[in-house]
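**Q** Each protein sequence line maps, in turn, to chains G, B, S and V.
Position 81, counted from 1, in the first sequence is what the numbering used here calls 81; the numbers after and before it change by one each time, with no gaps.
Position 214, counted from 1, in the second sequence is what the numbering used here calls 214; the numbers after and before it change by one each time, with no gaps.
Position 268, counted from 1, in the third sequence is what the numbering used here calls 268; the numbers after and before it change by one each time, with no gaps.
Position 155, counted from 1, in the fourth sequence is what the numbering used here calls 155; the numbers after and before it change by one each time, with no gaps.
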Amino acid sequence: MSHKKEVTVKLYSIMNRIRTVEEKIAELYPEQEMRCPVHLCIGQEAAEAGSCAALNDDDYVISGHRSHGHYLAKGGDLKAMLAEIYGKETGCAGGKGGSMHLIDLNVGFIGAAPIVGSTIPIGVGVAFASKLKKENRVMMIFLGDGVAEAGVFHESLNLAQLWNLPVIFVCENNLYSVYSPMHVRQPDTRRIVDLAAAHGMDSHYADGNDVEVVYQLTSDAVKKCRNGQGPVFIEFSTYRWREHCGPNFDNDIGYRTEDEYQVWRKRDPVALFRSKLINDYKFDESEIVKIEHDFKDQVNDAVKFAKESPFPDSSNAELHIYA
Amino acid sequence: MSHKKEVTVKLYSIMNRIRTVEEKIAELYPEQEMRCPVHLCIGQEAAEAGSCAALNDDDYVISGHRSHGHYLAKGGDLKAMLAEIYGKETGCAGGKGGSMHLIDLNVGFIGAAPIVGSTIPIGVGVAFASKLKKENRVMMIFLGDGVAEAGVFHESLNLAQLWNLPVIFVCENNLYSVYSPMHVRQPDTRRIVDLAAAHGMDSHYADGNDVEVVYQLTSDAVKKCRNGQGPVFIEFSTYRWREHCGPNFDNDIGYRTEDEYQVWRKRDPVALFRSKLINDYKFDESEIVKIEHDFKDQVNDAVKFAKESPFPDSSNAELHIYA
Amino acid sequence: MTRKIKYFEALREAQYQCMEADKDVYIMGLGVPDPKGIFGTTTGMQEKFGADRVMDIPLAENTMTGVAIGSALKGMRPILTHQRVDFALLSMEQIINQAAKWHYMFHGLHKIPMVIRMIIGRGWGQGPQHSQSLQSLFAHIPGLKVIMPTTAYDAKGLLISAIEDDNPVISLEYRWLYGISDSVPEEMYRVPIGKARVLEEGKDITIVATSYMTLESLRAREMLQERGVNAEVIDLRTLRPMDTETIINSVKKTGRLVVADTGHKMFGVSAEVLAVVLENTFERLLNKPSRVALPDYPAPTSPALCDDYYPRAGHIAAAALEQLGKAVDDKLFALPTDRRLDQPDSKFEGPF
Amino acid sequence: MTRKIKYFEALREAQYQCMEADKDVYIMGLGVPDPKGIFGTTTGMQEKFGADRVMDIPLAENTMTGVAIGSALKGMRPILTHQRVDFALLSMEQIINQAAKWHYMFHGLHKIPMVIRMIIGRGWGQGPQHSQSLQSLFAHIPGLKVIMPTTAYDAKGLLISAIEDDNPVISLEYRWLYGISDSVPEEMYRVPIGKARVLEEGKDITIVATSYMTLESLRAREMLQERGVNAEVIDLRTLRPMDTETIINSVKKTGRLVVADTGHKMFGVSAEVLAVVLENTFERLLNKPSRVALPDYPAPTSPALCDDYYPRAGHIAAAALEQLGKAVDDKLFALPTDRRLDQPDSKFEGPF
Ligand SMILES: Cc1ncc(C[n+]2csc(CCOP(=O)(O)OP(=O)(O)O)c2C)c(N)n1
Ligand SMILES: Cc1ncc(C[n+]2csc(CCOP(=O)(O)OP(=O)(O)O)c2C)c(N)n1
Ligand SMILES: [Mg+2]
Ligand SMILES: [Mg+2]
């Protein structure tokens, strides 16, 4: 397989992986066996897959409340993720964390935590230590548009730029913070990417639903970081299809319109790239179907694993209070 | 007196007032009767006098740890200020606050508090309420270069711009935060004013040691705010002559050079404007000396008042715990 | 006119009536005007009072607290709402250094009338960062008042008092209380800040409880009654100022004390209650008091890990029985059969 | 080899030796490498260890805490320094939600070995926002450890333990202690976190003190001795985990307790000590214990307003005498003649 093709397959596979898992969670959530909040990222797969695909296995990712896509794109263990969401002993955090606290250190997924903005400086700190230890690894920090209102965002950008750290800030601007549109939160006289640029940082804005654009930009950013040329900020425009938290569609509750949703729905990052594979890159559809099919099986296995795994003993709650 | 001359006299008077008071404090501080930290603003008088001179009496000012100049420029009661620093009952905060908590509501000086950055959102909140109450007053918020590193700075700018509030942010960039120079705190790939501009705010940078430049810029800003055209940010370059906290010179302790100090010393904002009055505006020196002399007397009176005022009864400590 | 409404409706009504009565009252917080309206407590308010007085805000907890303070000293009466106390930790500087101190340190020249509503306590898998009960952090700070209404009646009456109070008031609302009903008058009324409520009288032991733990305490009282013990249940309602008199009088009568708090034990609310009792009625204490509170580790997410995390009525009753030298039976700790412990008990519905 | 050095020197030596011993230890904080060097505790460190390991930082308390956490989970051992606890309030979110919880909520996969030094307590007119003693806020949080060294010996030994500990440790240093001297070994040694120290034995009453109040307690002990009372003085040293055993054993022996804390009273450290004693040695208590702590209002600035604000040895002694039913004389409250109360007592110099 040519390098180009390899990348193409990888990008599609990751997007497909995220989509499949998230759809499965949405399907099963009403059974009330996943007893924790879930923030699905369906619609945002390109930004997540494309950027993580630019990283090496031993590079780092850190995320917030909407982290499934980042975890999966970085190669996080699927069984451990589902088991965690199901609250099982085999979960990646032993059931202590749930959907909002995924972790897989084997693939550099440092962790996730749902206090908006709080993992940004932690990611910067990892990058600082990594640089000191001369690991030549890159830290990718995922954040949403809401974070651009928070002080910690600016403080962290200031520091990353000042200390010239190997950090890529990936902002997925999906237009909403919970049910709040941009215009009640941020002045329309500027863009988020402008804020980052003002910190003196190399900053970019691009279509986050085009996985190849994402991959290209983040690959350049990775190169820059790897060369010790400091942090990069990238804002990707994208859209979350389902409700902020939970498995449902919610265009009916009034904070956004069905029309707006449909516009973005047509720009389905997974479907768009799939068509491109067939029409432009002349993939055989069966090839794609096979990728999809294999992964569907994996997801079903993982669900089975998660459901069948034992709950942790309640005494596990007292483990790891202090190191 | 022509308007122009009136303004000129006012600007010089305010600068002279600040300089005279601060020098007096520096002179008397070693007596150890002012038993609280003092952050003198000698060297920064132009930025403070010029900007406050652009305000109406009923406009608002709020400040931080280095607030003497702002308090005096806004017309704050001198006796109450000195008495406060001396810890006396007649102090503007009854002795509870000291130098870092000046207040004079009669002239719109809302208050001061020394947690860096913390009075910024409070000032924004005053402006918000003032706007709601249709007072058509302007809020001027003073801040230092250190604040530009703090999240609350950005959060506040975001909000002021979003809500289109009548706020003028006046940043006195004196190059240091305590003993720390800019380059250990902020990237050299950007200026503070760029940060503000990135928030979509009307933003300016100017020489803060030229009181006329300051007055002109802030007058324009006041007009804009008064017209409901939203907030303005202005960064003034300036320099603090004496130590961060306390009455002494400290160029010998190693964090900055005597040379640097001398360069700024030559740009003494008070002396420069005094020369201009005589050379360009053809003031009679005696006129100026009279202003200076009268004020020196006032300061001596105020010191006398402060020293002779009684200490508060220790039971006053229990006043105003709850409203 | 009194009718049965829920806690969340009572909170909404309190805000609604205060906004009608005083144009200086306004509400802001993330999601305040959104379709969920902070568990329904702010639903419909923006439609009624306009976007000038009922506002969504940027995600900037620290700054928005400062903004509230600034508006308060100009005579406004902000109600700032946080969807979780965990988020409010970003604003501790403004709350502790500024809001709590401006009245004092400016010698009374400023008043800071403001209410900060914060949601505490457990929910569906909220886990370590979304379900804390950090009341003791606020209760420790002079200059603040701290309320924790349990019933819908108190929710309305205390919130009105808080809005009308000239000081910063922290209001902590336990998630599982929003659906509890109570008989609530339609008109405005005040429940005084600083007064505990004796919910049930008793003579054998005093149970002092905060917030949701009051409901568990009422259940515990029933369990105790079945076992021949007559417990007095006191809902603390306000932490600062604390109604030490009601507590002390009760312990003087019963000689015994259990404190049930929604927060952690060490350095928590329960410690202060014990200390106050010890200082004031030492000589009447018949046995050592007990603290029933969260264990000293963070909240895990999986329901399987929470069974022993949140103390229930049985734990309160057991503590009481032990003090009285009576047998503690296993039935006290029986798990409910109709629900998992990560969902509220539908039997706790009120009125109280 | 032991020699007499000051508290600030002991802290510097602890950091110095830890940095020599472990290249993962680093120091950062506002002003750390500046001419004042955090009361001398970091002076000369940058020259020795370089600007990579001893760093000034931007004014961004919240973010720098996160940065410390991130570096800690990568195996570094940050020492983050705040010039005042009041500033650290900006970082409560990172401290409470993140630092304290990452080890637990990730099921042990991360360790967060970090030390946050914070300065507490009064100074020359520091007033309401620059002199708080907020230890109970941290002591309440599971996942943190909290130390408050009083003597130079403990300052060094506890800080070394803290730096070597795999958990986040909050170290609270009272401003007035920096100049206190003690016999301090030159070599590295550890004072275990979680152990109180019986400074002086006694049989009539137990005085449990924190930080600077330990010095006042030693003076109080002398006053008591003069009045025929033999007090035991315990320096708590660590708040979390708390050495309840030492306290309980002492109170079992003396039957009486005074707690002297540098913070506010309500919901403060002293409440927890009372609660623990009550729960564990109720039956041995001979009288109700007393709390000697800051009154429940902010610190005023004018020295004239502070005379009654900060409790002194005499107040501790008086509380003890009252418990023992002995007369309390005016001499106990005599103001010093050699200094104003806003300056440290030069007689408190050690060694202890
Ligand atoms: C500090 C803080 N404030 C508020 C919240 C509540 N909250 C959870 S997710 C969220 C939305 C954040 O929006 P954005 O950053 O755009 O991410 P998205 O959900 O769109 O992916 C908010 C406000 C929080 N978790 N943390
Ligand atoms: C939140 C906070 N962190 C640290 C400090 C300590 N501090 C007091 S003044 C000061 C310097 C601030 O520098 P700048 O804003 O440039 O003002 P300047 O002193 O130069 O006028 C610092 C860091 C503080 N008061 N508040
Ligand atoms: Mg978003
Ligand atoms: Mg400066």
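Where is the CB? At the ideal position from N, CA and C, for every residue including glycine.
#1: Do the CB positions of Ala275(S) and Ala271(V) come within less than 8 Å of each other?
#2: From Ser346(G) to Ala113(B), what distance separates their C-alpha atoms?
#3: Mind listing, in chain order, the continuous alpha helix (DSSP H) runs of no fewer than 4 residues lying wholly within the segment 167-244 of chain G?
#4: Of all the CB atoms in chain G, is at least one closer than 8 Å to the CB of Ala127(B)?
#5: Helix, strand or coil for Tyr297(V), going by three-state DSSP, please let me know.
#6: DSSP three-state label for Val270(G), please.
#7: Identify the contact partners of Ile85(G) in chain V, using a Cβ-Cβ distance below 8 Å as the criterion.
#8: What residues in its chain sit with their C-beta under 7 Å from that of Gln83(V), if we drop five residues either side in the sequence?
#9: Report yes or no: do the segment 102-121 of chain V and the segment 123-136 of chain G share at least 3 C-beta pairs separated by less than 8 Å?
#10: Let me check you understand the geometry: is the CB of Phe249(B) closer than 7 Å to at least one non-hydrogen atom of ligand 2?
#11: Please list, in chain order, the chain V residues whose beta carbon lies closer than 9 Å to that of Gly69(B).
#12: Please indicate yes or no: does the CB of Val115(V) lie closer than 7 Å to some heavy atom of ligand 1?
#13: Please confirm whether Ala113(B) has its beta-carbon closer than 8 Å to some beta-carbon of chain G.
#14: Grouping DSSP H, G and I as helix and E and B as strand, with all else coil, what is Ile112(S)?
#15: Is any beta-carbon of chain B found at less than 8 Å from that of Thr301(V)?
#16: Kindly indicate which residue of Gly127(S), His315(S), Pro241(S) has the alpha-carbon position closest to the one of Leu218(S).
#17: Name, please, each residue of chain S whose Cβ falls closer than 8 Å to the Cβ of Tyr255(B).
#18: Cβ closer than 8 Å: which chain G residues qualify as neighbours of Trp124(S)?
#19: Answer yes or no: the CB of Pro142(V) versus the heavy atoms of ligand 2, is any distance below 7 Å?
#20: Going by DSSP in three states, His264(V) sits in which element: helix, strand or coil?
#21: Does the pairing of the segment 227-243 of chain G with the segment 154-168 of chain G give three or more beta-carbon distances under 8 Å?
#22: Quickly, what does DSSP pair Ser171(V) with across the bridge? List them, please.
#23: I'd like the ranges of any alpha helix (DSSP H) spanning at least 4 consecutive residues and lying wholly in the segment 66-98 of chain G.
#24: Measure the Cβ-Cβ separation of Gly146(B) and Val170(B) and say whether it is below 8 Å.
#25: From which residue to which residue does the beta strand (DSSP E) around Pro303(V) run?
#26: So, at 8 Å on beta carbons, what are the nonlocal neighbours of Pro300(S) in its own chain, with the 5 sequence-adjacent residues on each side left out?
#27: Report buried or exposed for Ser130(G), applying the criterion of at least 16 other Cβ atoms within 10 angstroms of its Cβ.
#28: When a residue counts only if its C-beta is closer than 6 Å to some heavy atom of ligand 3, which residues count, in chain order?
#29: Under 7 Å: does the beta carbon of Val116(G) sit that close to some heavy atom of ligand 1?
#30: What in chain G is Cβ-close to Tyr309(S), meaning under 7 Å?
#31: Do you know offhand how far Val211(G)'s Cα is from Ala54(G)'s?
#32: For Ser183(V), return the contacting residues in chain S, with the cut-off set at a CB-CB distance below 8 Å.
#33: Looking only at C-alpha atoms, which of Leu90(S), Gly40(S), Arg12(S) sits nearest to Lys156(S)?
#34: Taking the CB atoms as reference points, tell me whether Val336(B) and Cys245(B) lie closer together than 8 Å.
#35: Leaving out five residues before and five after Val198(S) in sequence, what residues of the same chain have Cβ atoms less than 6 Å from its Cβ?
#36: Kindly indicate if chain V contains any beta-carbon less than 8 Å away from that of His101(B).
**A** In brief:
#1: Contact flag set, yes.
#2: Past the boundaries of the shown model lies residue 346(G); chain G is included only from 1 to 323, so the question cannot be answered.
#3: Within the segment 167-244 of chain G, the complete alpha helix (DSSP H) runs of at least 4 residues are 192-198, 211-226.
#4: No, because no Cβ of chain G sits closer than 8 Å to the Cβ of Ala127(B).
#5: Annotated three-state conformation of Tyr297(V) is coil, per DSSP.
#6: When secondary structure is reduced to three states using DSSP, Val270(G) falls in the helix class.
#7: Within chain V, no residue comes near Ile85(G); the closest Cβ sits about 14 Å away, beyond 8 Å.
#8: The answer, listed in chain order, is Leu30, Gly31, Ile38, Ile119.
#9: Touching, no.
#10: For ligand 2, not one heavy atom lies less than 7 Å from the Cβ of Phe249(B).
#11: Result: empty, since nearest Cβ-Cβ is about 20 Å, beyond 9 Å.
#12: Remark: the shortest separation between the CB of Val115(V) and any heavy atom of ligand 1 does not fall under 7 Å.
#13: Chain G contact via Cβ: absent.
#14: Assignment of Ile112(S) by DSSP, reduced to helix, strand and coil, places it in the coil class.
#15: Yes, Thr301(V) lies at the interface with chain B (some Cβ there is under 8 Å from its Cβ).
#16: Comparing Cα-Cα distances from Leu218(S) to each of Gly127(S), His315(S), Pro241(S), the minimum goes to His315(S).
#17: Ordered by position in chain S, no residue passes the 8 Å Cβ test against Tyr255(B), which lies about 27 Å from the chain.
#18: Chain G residues near Trp124(S): Arg35, Cys36, Pro37.
#19: Checking the Cβ of Pro142(V) against ligand 2 gives no.
#20: Here His264(V) sits in strand by DSSP.
#21: Enough Cβ pairs lie closer than 8 Å, so yes.
#22: Per the DSSP secondary-structure output, Ser171(V) pairs in a beta bridge with Arg117(V), Ile147(V).
#23: Complete alpha helix (DSSP H) runs here, min 4: 68-73, 78-85.
#24: No.
#25: Not the beta strand (DSSP E): Pro303(V) falls in the alpha helix (DSSP H), residues 303-306.
#26: The residues Gly127, Pro128, Cys306, Tyr309, in chain order, have a CB closer than 8 Å to that of Pro300(S) in the same chain once the five nearest residues on each side in sequence are set aside.
#27: Note on Ser130(G): 16 or more other CB atoms within 10 angstroms of its CB, so buried under the neighbour-count rule.
#28: That query returns the following residues: Gly144(G), Asp145(G), Gly146(G), Asn174(G), Tyr176(G), Ser177(G).
#29: Yes, ligand 1 has a heavy atom inside 7 Å of this Cβ.
#30: The contacting residues are Ala317.
#31: CA-CA distance, Val211(G) to Ala54(G), rounds to 11 Å.
#32: In chain order: nothing, as chain S lies at least about 33 Å away.
#33: Residue Arg12(S) is the option with its Cα nearest to Lys156(S).
#34: Chain B is shown only over 1 to 323; residue 336(B) falls outside these bounds and no answer can be derived.
#35: Beyond the five residues adjoining it in sequence on each side, Val198(S) comes within less than 6 Å, by CB distance, of Ile234 in the same chain, given in chain order.
#36: So yes, His101(B) belongs to the interface.
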